[in-house]
Each structure stands twice: as C-alpha cells, then as structure tokens.
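One structure is given here, and the rest of the page talks about it.
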Amino acid sequence: MGNEQYILNTVNKGLKMGMDSISTISEKVQDDKFKDDLIYQYNQYNDILNRVNTELQNFKYLPSELPPIQKFAGYMDIQISTMNDKSNSNIAEMLIKGTNMGIIEGVKLKNQNPDANQTTQKILDDFIQFQENTIEKLKKYL
Numbered sequence: 126m127g128n129e130q131y132i133l134n135t136v137n138k139g140l141k142m143g144m145d146s147i148s149t150i151s152e153k154v155q156d157d158k159f160k161d162d163l164i165y166q167y168n169q170y171n172d173i174l175n176r177v178n179t180e181l182q183n184f185k186y187l188p189s190e191l192p193p194i195q196k197f198a199g200y201m202d203i204q205i206s207t208m209n210d211k212s213n214s215n216i217a218e219m220l221i222k223g224t225n226m227g228i229i230e231g232v233k234l235k236n237q238n239p240d241a242n243q244t245t246q247k248i249l250d251d252f253i254q255f256q257e258n259t260i261e262k263l264k265k266y267l
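Residue numbers for the sequence shown follow the working numbering, beginning at 126 and rising by one.
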C-alpha cells in the first residue's frame, strides 16, 4: 500500500468510526436542534468519505473496514456512558473527545506526510477543519 492509500485509508476508518458513533448516539438525543446538528455532522463526514473512496478507487484500492471488535467496543462505550446520563452535556462531551482523537490523527498524518499529493492534502485539511468546527458547535451543548 502506498503513502496516499495509507493516508486515505486511515481517514476512511476515522470517518466511519465517527459516523458509527453519531448513528448510535443520535438515538439517545432528545433535543431536536442537537439531533439536527448530528445529522449535519454525519452528512459532512459522509461527503468527505465519498471523496476519500473516490481517491482510493483511483488507486484501484478498496478501503479497509473497521474491525467488528472495534465497532462493538465503540458501541458498548456509548451504551455504558449514556446508561445513567443522556444529557446533552454528557453526549456532547463524548463526541468532543472522539472528534479530538480524529483531529489528532489527521494532524499527525498531515505532519508526517508533507509529500502527499494535493488532493490527499486537501482531503486531510477538510477533515481536520470540519472536525475543529464541529467541536466549536458541540461546545454549546456542554
């Protein structure tokens, strides 16, 4: 697997993890405005995911799926964390923590791969910027 494919595959996994988390968490959200914000976030992740997958297809590379155990662990973490507290504040805090992990991963990929092609760099920039904006939006629910 080449450098571009590695970067794009890693972003792909991060996007899928975020989308899975949003799908699970949104079922617990009672606030309509918060739910709308989560749907917007999910759709933006999906837009970036489509760009990632298009680039991976250009390399004739199929993206990796999240391991089932990782999906299950994320699901269980959300279930346990919201068992006694389904407040907007608790849910926003969980999402902010997960989104911060995505930002860290994106910045590391960008810093460690300065020679990545322009399209991959743009996807990374958009991935990082969108997550930073998402955190700002989530702060109002804390």
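Here a beta-carbon is modelled for each residue, glycine too, at the ideal position from N, C-alpha and C.
Being a predicted model, the structure only gives us computed values, none of them experimental.
I'd like the list of long-range same chain contacts for residue i, defined as Cβ closer than 8 Å, with 5 residues on each side in sequence excluded.
i	result
Phe-252	Val-136, Gly-139, Leu-140, Ile-173, Gly-227 and Gly-231
Glu-152	none
Within the same chain, show all residues whose beta-carbon is closer than 7 Å to that of residue i, passing over the 5 residues directly before and after it, in chain order.
i	result
Ile-154	Residue identity differs from the one stated: residue 154 is Val in this sequence, not Ile. The answer, listed in chain order, is Lys-160, Leu-163 and Ile-216.
Gly-223	Gly-143 and Ser-146
Tyr-131	none
Kindly list the residues whose CB is nearer than 6 Å to the CB of residue i, restricted to its own chain and excluding five residues on each side of it in sequence; keep chain order.
i	result
Met-126	Here Met-126 scores only 48 on pLDDT, less than 50, and its place in the model is too uncertain to base an answer on.
Leu-133	Val-177, Glu-180 and Leu-181
Phe-184	Gln-130
Helix or strand or just coil, what does DSSP make of residue i?
i	result
Val-177	helix
Phe-184	coil
Leu-263	helix
Asp-240	coil
Lys-158	helix
Asp-210	coil
Glu-218	helix
Evaluate residue i with the Cβ neighbour count: other Cβ atoms within 10 Å of its Cβ, from every protein chain shown; 16 or more gives buried, anything less gives exposed.
i	result
Tyr-170	buried
Thr-179	exposed
Gln-254	exposed
Glu-129	buried
Ile-221	buried
Ile-150	buried
Leu-267	exposed
At a cut-off of 7 Å, is residue i close to the ligand SAH when judged by its beta-carbon and the heavy atoms of the ligand?
i	result
Ile-164	Inclusion of the ligand SAH in the displayed structure is not the case, the ligand content being empty and no account of it being possible.
Have a look at residue i and residue j and give me their C-alpha separation to the nearest angstrom.
i	j	result
Gln-243	Asp-157	38 Å
Gln-256	Asn-225	8 Å
Thr-259	Leu-249	15 Å
Ser-148	Tyr-167	8 Å
Lys-265	Asn-213	9 Å
Ile-194	Lys-262	30 Å
Asp-240	Gln-204	41 Å
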